[in-house]
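Colleague: Protein sequence lines, in the order shown, are assigned to chains A and B. Under our numbering, the first sequence has 202 at position 202, and the numbering climbs by one with no breaks. Under our numbering, the second sequence has 1069 at position 69, and the numbering climbs by one with no breaks. The structure is given below, and queries will be raised subsequently.
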Amino acid sequence: MERPVVAVLQFPGSNDDRDAAWALGSVGAEPVLVWHDERTLPPETGAVVLPGGFSYGDYLRCGAIASVAPAMDAVRRFAAAGGPVLGICNGFQILCEARLLPGVLRPNRQLEFVCRDATVRVESADTLFTRRCQPGEELVLPVKHGEGAWYADEGTFMTLAARGQIVLRYTDDVNGSVGNVAGIVSERENVMGLMPHPEHAVDPLLGSADGGLLLAALVDAAAEHALIPA
Amino acid sequence: MKATVVVRPKEGILDPQGEAVEGSLRKLGFDVSRVRVGRVVDIELSAENNDEARGQIERMCTELLANPLIESVEVSLDGS
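In structure tokens form, the structure reads like this:
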């Protein structure tokens, strides 16, 4: 069977792009790096990953400048057509700034960069991205961010929780995130953002292989999406 | 035409940067009770008149300069 193509965007200042590509390759994808000023994605793209890093030096607000990069117009069209999009760390920040996901990422409550393994609970296991996980399953994934406190007002948070859009929560208070939110999905459930790094947890040698569950589910979704005629 | 946009964290929004600065000012011996840190953006642009300039700046704020979920903006024009 052919490997589904997963486009990994590269912005100036992305630094987990090649790790993401490697990890996606290890779970069966054909990763293709796409530079930020490209106006289109490869035609056979089945899924998109926005990797971690510090795009545009985190100037203005983290993710804000990347959210208006030319390649993001292509990502918007891809998402609007139902294509699966996963944003990791800076990629999550970019998706929020692009209004593809609700809320925004704020500086950590404790005023410190946090860099450690975090445990997240799978709150919703019936999304594209979490369907290889069990409901309530706990995953160990590394976090490394200074601006990872997800914020939305109370009403938005309650709505998202009621709809099952809060998919991952930290089991402890990692950064001051509202409701300990670590990852959310869009209303259509084809766009997901999370602060922890699944691409750094795909091999037990590195401490955890739990990230492989999320990435392999994305690759499944990529294979399914690639079958839909554009 | 010149314009200045002041972007502030909205009331009620946690501002860790402001808290850090506040703590440092206290350590220096200043009697401060609250510090909020925002951002100033000076812009030079071409516009026929103030209304057009203001319209452009408002769009800049919406599309990029501020995130309305957490930030408020104040625009002033200097028609030089």
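We treat Cβ as the ideally placed atom computed from N, Cα and C, and that holds for glycine.
#1: Which value, in whole angstroms, describes the spacing of the CA atoms of V174(A) and R1054(B)?
#2: Of all the options P198(A), R131(A), E154(A) and A47(A), which has the alpha carbon lying nearest to the alpha carbon of S177(A)?
#3: Mind pulling the alpha helix (DSSP H) runs of 4 or more residues that sit fully within the region 141 to 212 of chain A?
#4: When the cut-off is 8 angstroms and only beta carbons count, does G13(A) lie next to chain B?
#5: Go through its chain and collect everything with a Cβ distance to S1080(B)'s Cβ below 8 angstroms, but skip five positions before and after it.
#6: Mind listing which residues of the region 1057 to 1077 of chain B have their C-beta closer than 9 angstroms to chain A's C-betas, in chain order?
#7: Under 8 angstroms, CB to CB, which of the residues in the region 45 to 77 of chain A have a partner in chain B?
#8: Please determine, among E44(A), P43(A), D117(A) and V32(A), the residue with the shortest C-alpha to C-alpha distance to F50(A).
#9: For chain B, find out if any of its Cβ atoms is closer than 8 angstroms to the Cβ of P4(A); answer yes or no.
#10: DSSP on W222(A), reduced to helix/strand/coil?
#11: For the putative contact between G148(A) and M192(A), defined by C-beta atoms under 8 angstroms, what is the C-beta separation to the nearest angstrom?
#12: Secondary structure at E1074(B), three-state DSSP: helix, strand or coil?
#13: Determine the extent of the alpha helix (DSSP H) in which A1053(B) is found, giving its start and end residues.
#14: Tell me whether W150(A) is buried or exposed, calling it buried when 16 or more other Cβ atoms sit within 10 Å of its Cβ.
#15: Pull the bridge partners of I88(A) from the DSSP assignment, please.
#16: Would a check of beta-carbon distances place N175(A) closer than 8 angstroms to chain B?
#17: Could you pull the start and end residues of the beta strand (DSSP E) that G46(A) belongs to?
#18: Where does D16(A) sit, in a helix, a strand or coil, going by DSSP?
#19: Step through the CB atoms of chain B and report whether any lies within less than 8 angstroms of the CB of N108(A).
#20: Less than 8 angstroms between the beta carbons of Y56(A) and A71(A), yes or no?
#21: Buried or exposed for T40(A), please, with buried defined as at least 16 other CB atoms from any protein chain shown within 10 angstroms of its CB.
#22: Using the three-state DSSP reduction, which class does G1012(B) fall into: helix, strand or coil?
#23: Quick check on the burial criterion: 16 or more other C-beta atoms within 10 angstroms. Buried or exposed for Y170(A)?
Modeller: Let's see:
#1: For this step, residue 174(A) is matched to residue 174 along the first sequence. For this step, residue 1054(B) is matched to residue 54 along the second sequence. V174(A) and R1054(B) have their C-alpha atoms some 41 angstroms from each other.
#2: For the purposes of this step, residue 177(A) is identified with residue 177 of the first sequence, where counting begins at 1. For S177(A), the nearest C-alpha among the options comes from E154(A).
#3: The qualifying runs are 154 to 163.
#4: By one-based count along the first sequence, residue 13(A) stands at place 13. With its beta carbon at least 8 angstroms from every one in chain B, G13(A) lies outside the interface.
#5: As a first step, residue 1080(B) is located in the second sequence; it is residue number 80 there, counting from the start. Per-residue confidence for S1080(B) stands at a pLDDT of 49, beneath the threshold of 50, marking its modelled position as unreliable; the derived number appears in the next sentence. Within the same chain, S1080(B) has close Cβ partners M1001 and K1002.
#6: Going along the region 1057 to 1077 of chain B in chain order, one finds E1063, L1064, L1065, A1066, N1067, L1069, I1070 and E1071 with a Cβ nearer than 9 angstroms to chain A.
#7: Listed by position, the residues of the region 45 to 77 of chain A near chain B (Cβ gap below 8 angstroms) are L60, R61, A64, I65 and V68.
#8: Working through the first sequence from its first residue, we reach residue 50(A) at position 50. Sequence inspection shows Leu at residue 50(A); the Phe mentioned does not correspond to that position. Taking only the C-alpha atoms, the option nearest L50(A) is V32(A).
#9: Translated into positions along the first sequence, residue 4(A) becomes position 4. So no, P4(A) is outside the interface.
#10: As a working note, residue 222(A) is residue 222 in the first sequence. For the record, residue 222(A) in the displayed sequence is Ala; it is not Trp. In the structure shown, A222(A) falls within a helical segment according to DSSP collapsed to helix, strand and coil.
#11: Against the first sequence, residue 148(A) aligns to sequence position 148. Against the first sequence, residue 192(A) aligns to sequence position 192. With a Cβ gap of about 15 angstroms, G148(A) and M192(A) do not count as contacting.
#12: For the purposes of this step, residue 1074(B) is taken as the residue at position 74 of the second sequence. DSSP places E1074(B) in strand when its eight states are reduced to three.
#13: Locating residue 1053(B) in the second sequence gives position 53, counting from the first residue. Looking at the DSSP string, the run of the alpha helix (DSSP H) that includes A1053(B) is N1050 to M1060.
#14: Along the first sequence, read from residue 1 onward, the residue named residue 150(A) stands at position 150. Classification for W150(A): buried.
#15: Here residue 88(A) corresponds to residue number 88 of the first sequence, with the count starting at 1. Its beta-bridge partners are L194(A).
#16: The residue given as residue 175(A) occupies position 175 in the first sequence. Proximity of N175(A) to chain B, defined by a Cβ-Cβ separation below 8 angstroms, is not satisfied.
#17: Locating residue 46(A) in the first sequence gives position 46, where the first residue counts as 1. Boundaries of the beta strand (DSSP E) harbouring G46(A): T45 to L50, taken from the DSSP string.
#18: In the first sequence, counting from the first residue as 1, residue 16(A) sits at position 16. DSSP places D16(A) in coil when its eight states are reduced to three.
#19: Here the question's residue 108(A) lines up with position 108 in the first sequence. Chain B, which has a Cβ nearer than 8 angstroms to the Cβ of N108(A), makes this yes.
#20: Walking along the first sequence from the start, residue 56(A) turns up at place 56. Walking along the first sequence from the start, residue 71(A) turns up at place 71. Not in contact: Y56(A) and A71(A) (Cβ atoms no closer than 8 angstroms).
#21: As a first step, residue 40(A) is located in the first sequence; it is residue number 40 there, counting from the start. That one is exposed.
#22: For the purposes of this step, residue 1012(B) is taken as the residue at position 12 of the second sequence. In the structure shown, G1012(B) falls within a coil segment according to DSSP collapsed to helix, strand and coil.
#23: Here residue 170(A) is taken as the residue at index 170 of the first sequence, counted from 1. So Y170(A) ends up on the buried side.
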